[in-house]
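Below is one structure, written out as structure tokens, with a few remarks after it.
Numbering (full-length UniProt numbering), first residue to last: 1 to 720.
Printed below as a string of structure tokens:
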């Protein structure tokens, strides 16, 4: 192709030979394409579009005009405004000339595929005065704590199951590009589905996108009939379109207007409600595109791309490509739904404060609900169903002999983290209230406490065994009471054991919660000693005078201190002793100020098995530790199934044999071929150092394959 080819295009154009000029400009584009001449290429593309319009070829004009609106364009905003106007007019002419009235795909705005999110939720919460609905998952929720939530869900499912669950698969409600989207989202007939779509304006001028609808295809579960709402928009150009003809299948909202500025991202939220069971596939969005300064608009659609899922397994020729299924939603039959609301709680609280919480549960479904459980991340700070509590193992071993008990770490962890909220069946449309307590942790600053409500589905629901509701309590913890205790022996003739106790109000005036704190009594839980309230010596201080003599409590920075004698005590444990009597026998009390009887009734008693005293005495099994051990067991089982796969200590690359593992690790280490020893290279230091380098490196002896292959295999499996 000669470089003089563009001049012939100009000559033909001036001579009125449009067909020849159109052909020459297309050949000129082949010369300048991918040469880095962006402005010259844009000029040729624009001229090709104009020539195609004059030749009544809107199909060929749409391609070069779309190219002018690409994100990498170097044109000015004024020139891009001209390109956008030509683009809209050309596509309108192209649509009006089509007999079937199909809508064309538009290149502006652009759908950011990786930011698409899908949320399948339960029924909307019931509005109750002075109550807040469970926070649950939202379309914008972060998934950084998903491992903890899944472990809580697993423990609740294991506690509610009649037999042990061998393979647990957690339920999913939120689907993003970070989640495993190999399974279809499961939605419920009549319950909303939220879909968030992020749009990007790739040009330098603001645009308006209005009358935005979702495009979908639906296949009924009963008859297999397939339907779509795309045909409803084919007559919109002539004003004859019926946008509400499919509300009996899927009801969806419409986004009226979205203005997207230069190179800006805008997220829009759709909510659809399926009215029929089957499979719904969201294919794209449709709307009207226009410039801010030009009222002429263009109807167009944008399709969602089918994203292939990257497999972790090695590629195989006979394995089909698996695609992302987050927009292929399976709609199940109507299912029971539990609406949960909690009593409003203050955000600013004091450390150690005990707050009663009322939870209201409403059965919004048509069937009976049973087996409602609550799992918590930090059971130390929750007191749920205290009447069903059991003594912790750390206290139970002093109450009775546990040498013949069959104890399990997993079972004990479930007892600590999972509680049955209500053992009675919840009838349809019935509302029931329960009260539990939260103690604020002794940690200053922002504190989050997580709770999960679990309830089973009826047996006829095969694809949905249970449902969960999440909730997070957010607190801003302020300092409250500081208590210090030191044991000492008197220096007199009679040696007595005593304890020095000081109480100080750390609450400051600038804190959001500034209050006086009144200590009423102090309890000691000990199997060997007890407080003697008759032998108390108080230290004189302003705090003591205000607390004992006056009617107020400890003000900010006030201090009160006293010394109390400790008497030896060995409680006798009888065969007929109950756990409450066992706890009471080890409790001693020093009264400081008379407490309000009504206020004390609102708090759980210390001598009960279900109390925060027993919570303090419990040694807890952390959720994330269990999850790590479970994942390690799964990895070991998977390695055994794959043929005893071993992992490299440095890069964790899988190897199928010990010899292959040894050869792979030699790449990370320096090898002395004469002695066949692996020498770990010293760490590289930046800059010069006067410190002398070690003359010898630590050595690892490489054993023979036949002699120690079995031993090494066992060691690697234990590490897994």
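No residue lacks a Cβ here, since even glycine has one placed at the ideal position from N, Cα and C.
The structure presented is a predicted model; accordingly, all values stated were derived computationally and were not measured.
Could you tell me the distance, in whole angstroms, from the CA atom of residue i to the CA atom of residue j?
i           : j           : result
residue 675 : residue 659 : Any answer about residue 675 is weak, because its pLDDT of 44 lies below 50 and its placement is not dependable; what the coordinates show is given next. Those two C-alpha atoms are separated by around 17 Å.
residue 538 : residue 501 : 10 Å
residue 684 : residue 557 : Because the pLDDT at residue 684 is just 44, under 50, the model does not fix this residue reliably, and the value given afterwards should be weighed accordingly. Each residue's Cα considered, the two are about 53 Å apart.
residue 517 : residue 478 : 13 Å
residue 75  : residue 268 : 29 Å
residue 290 : residue 263 : 16 Å
residue 473 : residue 397 : 34 Å
residue 285 : residue 275 : 20 Å
residue 104 : residue 258 : 20 Å
residue 271 : residue 118 : 10 Å
residue 261 : residue 81  : 13 Å
residue 522 : residue 591 : 7 Å
residue 330 : residue 210 : 29 Å
residue 413 : residue 328 : 37 Å
residue 172 : residue 546 : 57 Å
residue 177 : residue 322 : 14 Å
residue 607 : residue 127 : 38 Å
residue 667 : residue 653 : 12 Å
residue 204 : residue 302 : 20 Å
residue 481 : residue 157 : 39 Å
residue 450 : residue 602 : 23 Å
residue 406 : residue 426 : 34 Å
residue 548 : residue 581 : 32 Å
residue 469 : residue 402 : 37 Å
residue 71  : residue 188 : 40 Å
residue 287 : residue 207 : 12 Å
residue 218 : residue 441 : 50 Å
residue 692 : residue 665 : Low local confidence applies: a pLDDT of 43 at residue 692 is under 50, so the model's placement there is unreliable, with the coordinate-based value given in what follows. Cα to Cα, the separation comes out at about 28 Å.
residue 579 : residue 600 : 21 Å
residue 447 : residue 148 : 16 Å
Report the CB separation of residue i from residue j in whole angstroms; it is logged as a contact under 8 Å.
i           : j           : result
residue 428 : residue 363 : 5 Å
residue 111 : residue 199 : 6 Å
residue 332 : residue 463 : 6 Å
residue 254 : residue 227 : Between residue 227 and residue 254 the Cβ distance is about 19 Å, and since that is not below 8 Å, they are no contact.
residue 611 : residue 604 : 5 Å
residue 724 : residue 335 : With the chain covering only 1 through 720, there is no way to say anything about residue 724.
residue 737 : residue 325 : Residue coverage of the chain in this structure runs from 1 to 720, which leaves residue 737 outside it and unanswerable.
residue 69  : residue 202 : 7 Å
residue 347 : residue 476 : 6 Å
residue 141 : residue 174 : 6 Å
Going by DSSP, what residues sit across from residue i in a beta bridge?
i           : result
residue 524 : 588
residue 257 : 210
residue 265 : 200
residue 374 : 419 and 453
residue 437 : 356 and 383
residue 476 : 348 and 446
residue 431 : 362
residue 553 : Note: residue 553 sits in no beta bridge, so no partner.
residue 297 : 290
residue 221 : Its beta-bridge partners do not exist; DSSP assigns none.
residue 614 : Bridge partners of residue 614: none, in fact.
residue 562 : 501 and 538
residue 470 : 452
residue 273 : 251
residue 532 : 565
residue 543 : Beta-bridge pairing links residue 543 to no other residue.
residue 308 : 323
residue 303 : 284
Indicate whether the contact test is met: 3 or more Cβ pairs, each with one atom in the region 546 to 565 and one in the region 575 to 589, closer than 8 Å.
-> no
Mind the definition here: the region 209 to 217 touches the region 352 to 363 only if three or more C-beta pairs lie below 8 Å; say whether that holds.
-> no
Would you call the region 447 to 461 and the region 372 to 380 in contact, with 3 or more CB pairs under 8 Å?
-> yes
Specify whether the region 84 to 98 and the region 297 to 308 touch according to this definition: at least 3 beta carbon pairs, one from each stretch, less than 8 Å apart.
-> yes
Cβ contact check for the region 523 to 534 and the region 582 to 595: 3 or more pairs under 8 Å = yes
Within the region 141 to 194, ranges of the beta strand (DSSP E) (whole runs, at least 3 residues) | 186 to 188
The region 155 to 171 in contact with the region 492 to 508 per 3-pair CB rule at 8 Å | no
Are three or more beta carbon pairs between the region 613 to 622 and the region 375 to 387 nearer than 8 Å?
-> yes
Flag this pair as touching only if the region 336 to 344 and the region 129 to 138 have three or more C-beta atom pairs under 8 Å; answer yes or no.
-> yes
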